[in-house]
Amino acid sequence: MKLAANLSLLYPGLDLPERMTRAASDGFEAVEILFPYDLEASLLCAQLQKHELELVLINTPLGARGEKGLASLPGRELEFMAGLMRALDVCQATGCRSIHVMAGIPPGSSAPEACRETLINNLRKAAAMASQQGVTLLLEALNRADMPGYFYYLPEQVADIINTVGAPAVRLQFDFYHCQREGLDLDLTLRRNLALVRHVQFASPSQRREPDLSDPQVQAALITLQSSGYQGWLGCEYHPQGDTSTGLAWRSAYHALLNTTHPRQQSEKHHKEIP
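Counting the sequence shown from 1 gives a position; the numbering used here is that position plus 3.
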């Protein structure tokens, strides 16, 4: 399972082209850029090609009034679709195949059912557009401490929306950090939603720092992903404690964990081989 550098958080203090240079130098083959809209798409594509990096995830725009996304906000449908089209334009220019659709924080005056209906209708329309480009739309539960009032905070809530939308182009973005910040059993939550997962991100739940590979929950969840045959990327979406490159020492433990055959993997392999 390959790692993708989140260039919106890693290598702070550098401009985007310099961050790409550092990421490539550190051995990353793919990157996430949450909001790549300040750079012209053709220039972004040129920088990615120059550094031989694949862009694997972007977000939809947040909203002109400082919102945290628009997809669930009644009355903002046209703005949401305009933002989605901007994201799809970036995907077309760069070859990116995943967009995190930001649901947003509904105003207190909005009825929850109206927000849900707005989100589902927006996603059905967006999925039809995205599927024409081979793009997957991703939904992510954001924890309540960091994002109070966000439309959903549990992966199960997201799964319910995905199943209601009923479009193959809408899937789950699973973030270890947000799950652990909510106090969830990480591996159990992952297993319950594994069939819908198309992108994964991780970070330590403590101050969103480098992933803690000594955490038994993290170890179990990573082994579950590997055992499932997950072929997607793992986004390194965290705030480095110091120098980003120096802090990547955790990757040794990551590769050691995944290069070891674990009892559960042996059991699963045995069951698969039984005729």
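We put the CB at the ideal spot given by N, CA and C, even for glycine.
Under DSSP, the alpha helix (DSSP H) around residue i begins and ends at which residues?
i, result
"T24", "L19 to S28"
"G250", "T247 to G250"
"L228", "P219 to S231"
"L260", "W253 to L261"
"P187", "The residue asked about is misnamed: residue 187 is Leu in this sequence, not Pro. Where L187 is concerned, there is no enclosing alpha helix (DSSP H), given that its DSSP letter is neither H nor E."
"D163", "P158 to V168"
Taking only the alpha-carbon atoms, compute the straight-line gap between residue i and residue j and give it to the nearest angstrom.
i, j, result
"E185", "N146", "6 Å"
"P214", "L91", "31 Å"
"E21", "A74", "32 Å"
"P314", "H258", "No answer is possible for residue 314: the residues shown for the chain start at 4 and end at 278."
"M4", "T24", "22 Å"
"V93", "P110", "29 Å"
"T139", "R201", "8 Å"
"C118", "P77", "6 Å"
"L46", "P15", "21 Å"
"D279", "H181", "No statement about residue 279 is possible, as the shown extent of the chain runs from 4 to 278 and does not include it."
"L6", "E57", "11 Å"
"A67", "Q135", "27 Å"
"H54", "Q204", "22 Å"
"C48", "D29", "20 Å"
"Q176", "L261", "21 Å"
"D18", "R89", "22 Å"
"L193", "A223", "10 Å"
"S270", "P208", "With a pLDDT of 47 at S270, under the threshold of 50, the modelled position of this residue cannot be trusted; read the value that follows with caution. S270 and P208: Cα-Cα distance of roughly 30 Å."
"L191", "M132", "33 Å"
"G250", "E120", "43 Å"
"E43", "G137", "22 Å"
"L142", "T263", "31 Å"
"A160", "L216", "What sits at residue 160 in the sequence shown is Gln, not Ala. Rounded to whole angstroms, Q160 to L216 spans 27 Å at the Cα level."
"V221", "A256", "12 Å"
"S248", "F179", "22 Å"
"V104", "A252", "32 Å"
"R79", "I123", "14 Å"
"L87", "Q229", "32 Å"
Going by CA-CA distance only, name the one from the options that's closest to residue i.
i, options, result
"Q99", "L60, Q52, L56 and D246", "One detail in the question is off: residue 99 reads as Cys in this sequence, not Gln. Per the Cα distances, L60."
"I102", "V173, Q52 and K128", "V173"
"G2", "L12, R195 and G107", "Because the chain is modelled from 4 through 278, residue 2 falls outside the range shown and cannot be assessed."
"N9", "S248, T249, Y241 and D246", "Y241"
"L12", "S255, W253 and G245", "G245"
"G327", "G232, K53 and L225", "This structure cannot speak to residue 327, because the chain is shown only from 4 to 278."
"A144", "T263, A133, Y156 and S134", "Y156"
"A198", "A170, S209 and S231", "S231"
"K128", "Q210, A170 and M105", "A170"
"A37", "F31, K71, A27 and Q52", "Contrary to the premise, residue 37 reads as Leu rather than Ala in this sequence. The shortest C-alpha separation from L37 is found at K71."
"S113", "F154, E35 and R212", "F154"
"E35", "A256, G235, S217 and L87", "G235"
"Q210", "V221, P243, Q220 and I123", "P243"
"N196", "L126, P64 and D163", "D163"
"R212", "L187, T227, Q183 and L189", "Q183"
"A27", "Y40, L126 and L51", "L51"
"Y40", "E32, F31, N62 and A33", "N62"
"E82", "F31, N125 and I165", "N125"
"D188", "P151, A33, P219 and P64", "P219"
With residue i as the anchor, note down where its beta strand (DSSP E) starts and where it stops.
i, result
"S207", "Careful: S207 lies outside any beta strand (DSSP E) and carries neither H nor E."
"F177", "V173 to D178"
Check the DSSP bridge columns for residue i and list the partner residues they point to.
i, result
"T139", "S101"
"G238", "A7 and Q204"
"A106", "G72"
Q: Give, in chain order, every unbroken run of the alpha helix (DSSP H) that is at least 4 residues long and sits entirely within the region 7–85.
A: Entirely contained in the region 7–85, the alpha helix (DSSP H) runs reaching 4 residues are, in chain order, 19–28 and 44–53.
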